[in-house]
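See below for the structure under consideration.
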Amino acid sequence: MLRMWMLAVQHFFSIAQFHLRVLAVLSSSNSEMKLRAMARSVGAQKNAARHRMTKQEYEMIVTYLENPDNFTAINGCGRKTKITEKTLTKVTVFGHMAVTLCAQGFVKCSGVIMGKKVVRYASTYKNARTFYLGTGSGLTEAEIDARLTLEQKMNAKCYYFFRMHALFCARANVKPHAVGDAGLPAEIIFDDRDLCQDSQAVFQFSAAEPMLSGDEEEAADREEEPIDLSEDDEVDNQTALVADRWMLRPTNRVRQQSRGDASVQSVDDVRSSGKTVRSRDRPPSPERKTSLITAYEEQVKEKLVLRKEAQDQKANFRDAILEDRRQTREQRERARIQEGIETMRMARADRRSTLLAEMVKTGKSMDEIHQYFLMLDSVEDRLSSSM
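What follows is the structure in structure tokens.
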């Protein structure tokens with residue numbers, strides 16, 4: 171009885187060990203499969219990171235970014251987010267982008283790899299934009315001769331540059347804000363009470379005031395009288411350094427006209443008098459001025475005309491060379507045919523002379539020789555007519 175009990179216990183333990191071994195084998199196979207799957211996924215991600223994008227994949231990215239919702243999700247909208255609004259992380263947004271583009275034929279990759287590709291594409295666009303806005307970024311003469319357009323040149327530096335430029339040209343990280351404006355506003359009011367201690371000398375320079383040319387300004391300078399500061403104005407040394415001539419000239423004219431000085435002439439008086447006053451130091455300005463755009467257009471037209479003439483000359487020269495070669499080939503062909511005819515004629519004469527000598531040696535009569543050669547001539551004529 172005890173022995174049977176011990177045998178039953180041993181059988182139970184053997185079955186348990188068998189099941190444990192089976193579970194160990196299954197768990198090891200599952201872990202091995204998981205490791206293989208992880209290795210395959212890691213290898214695929216490395217291949218996707220090293221993958222050089224094609225033009226179609228760049229177009230997929232641009233098309234995806236041209237959707238306002240997608241562009242706002244990736245780059246933001248520049249406004250304050252709402253309190254109850256749930257924002258998405260960059261990894262999540264690029265993950266959605268990767269899923270969408272991979273379904274359309276993009277290389278299989280994760281959201282992190284997709285984000286790196288988009289950032290690299292944006293960096294390429296910024297470098298191309300720096301070149302596009304820089305000096306000398308137009309087309310060279312060689313590129314104009316090759317009929318290369320500016321769009322083709324910029325697309326060679328960055329695929330779909332102008333589509334990217336339409337998306338990112340107004341971004342703050344691409345186009346910085348202005349630091350300051352050096353131009354004058356439309357209306358500036360000067361109060362000289364701080365300069366000359368005179369409460370009545372307040373003038374306005376506005377955009378409606380007529381602008382003077384160089385010749386008229388020189389004439390107005392010679393017409394003016396020197397400023398008299400001995401009676402009413404008390405200007406210190408520091409004020410004299412600040413008050414430039416272009417600021418004091420209208421002051422002097424207004425004050426002297428208000429005092430009744432008839433020797434002071436305004437710009438309208440100088441124009442109405444019909445005087446031709448020119449600068450003593452520089453020659454008169456030309457009557458006709460050509461803008462840079464007009465000059466550039468004329469230069470481009472002239473280059474196109476010269477290029478067309480050069481192309482016509484090249485075409486004519488090429489046609490002349492081809493015609494000369496054709497005539498040379500025809501002459502050589504005729505000479506070769508004539509040489510062949512002469513060679514055949516000489517060979518025929520040699521054969522006939524050899525045949526005649528053999529027939530004479532064999533003792534043939536002249537009538538037989540004559541009949542034989544007549545027959546030979548008829549046979550050759552039939553052969554030549556058939557050919």
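Heads up: the sequence shown begins at 171 in the working numbering, then just goes up one per residue.
Just so it is clear, CB atoms sit at the ideal spot from N, CA and C, and this is done for glycine as well.
query: Helix, strand or coil at E236 according to DSSP, with G and I counted as helix; result: coil
query: Contact the stretch 257–272 vs the stretch 301–312: 3+ CB pairs below 8 Å; result: no
query: E321 and F338 closer than 8 Å at C-beta; result: no
query: Proximity of M334 and V263 at Cβ, strictly below 8 Å; result: no
query: Where S280 sits in the DSSP three-state scheme; result: coil
query: G265 - containing alpha helix (DSSP H), residue span; result: K260 to A273
query: For L309, three-class secondary structure by DSSP; result: coil
query: Beta-carbon gap between R477 and D315 smaller than 8 Å; result: yes
query: Segment contact flag, the stretch 281–300 with the stretch 227–247, C-beta cutoff 8 Å, min 3 pairs; result: yes
query: Rounded straight-line distance, which links the Cα of L235 to that of F241; result: 5 Å
query: DSSP state of G304 mapped onto helix, strand, coil; result: coil
query: Closest by C-alpha distance to H245, when choosing among H221, G275, G285 and T224; result: According to the sequence shown, residue 245 is Asn rather than His. The shortest Cα separation from N245 among H221, G275, G285 and T224 belongs to G285.
query: Cβ shell of K260 (< 7 Å), same chain only, five flanking positions each side left out; result: G285
query: R222 (DSSP reduced to helix, strand or coil); result: coil
query: Close-in-space but distant-in-sequence residues of the same chain around M536 (CB under 7 Å, 5 per side omitted); result: none
query: Through-space distance from K534 to E512, alpha-carbon basis; result: 30 Å
query: When C272, A312, S461 and I507 are compared against K473, the one with the closest alpha-carbon; result: A312
query: Nearest candidate by alpha-carbon position, reference K296, set A517, K327 and I539; result: K327
query: Identity of the residue in K484, T524, K531 and M324 nearest A298 by Cα; result: M324
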